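First up is the structure itself, then whatever we jot down about it.
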Amino acid sequence: MLIPKGTTVLALRYRDGAVIGGDRMATEGYQVSARRIEKVYKSDDYSAIAIAGAAGPCIELARLFQI
86 MLIPKGTTVL ALRYRDGAVI GGDRMATEGY QVSARRIEKV YKSDDYSAIA
136 IAGAAGPCIE LARLFQI
C-alpha cells in the first residue's frame, strides 16, 4: 500500500518579527522526488515566501517576487 507523502512549511509570528521554515523535501504523487530543495525565499527586507505544493510553479513564482 502506498502512503502519501507531504511537505511542510511553518511560520511563527512574535512581537519583534517572524520565523519561517520548511522541510527540504519535494514530492511527486506518492513518491519523494527530491530531498534538498529550498522552500523559503527572501522577497525583500520585510517579506519572505514559503512554498508547498507543486514545486516547479511555486519556485518560478517565488523568483518573480524577488525581481
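Using the numbering used here, the first residue of the sequence shown is number 86, and each one after it goes up by one. From the three backbone atoms N, C-alpha and C, an ideal C-beta is built for every residue, glycine too. Note that the structure is a prediction, hence the values are computed from the model and not measured.
#1: Rounded to whole angstroms, what is the Cα-Cα separation between residue 113 and residue 126?
#2: By Cβ distance below 6 Å, which residues in the same chain neighbour residue 134 in space, the five residues on each side in sequence not counted?
#3: With a 10 Å radius around its C-beta and 16 neighbouring C-beta atoms as the bar for buried, classify residue 152 as buried or exposed.
#4: Please return the same chain residues whose Cβ sits closer than 7 Å to the Cβ of residue 122, not counting the five positions on each side in sequence.
Straight from the coordinates:
#1: 21 Å
#2: So the qualifying residues of the chain are 126, 128, 147, 150.
#3: exposed
#4: 109, 111, 140
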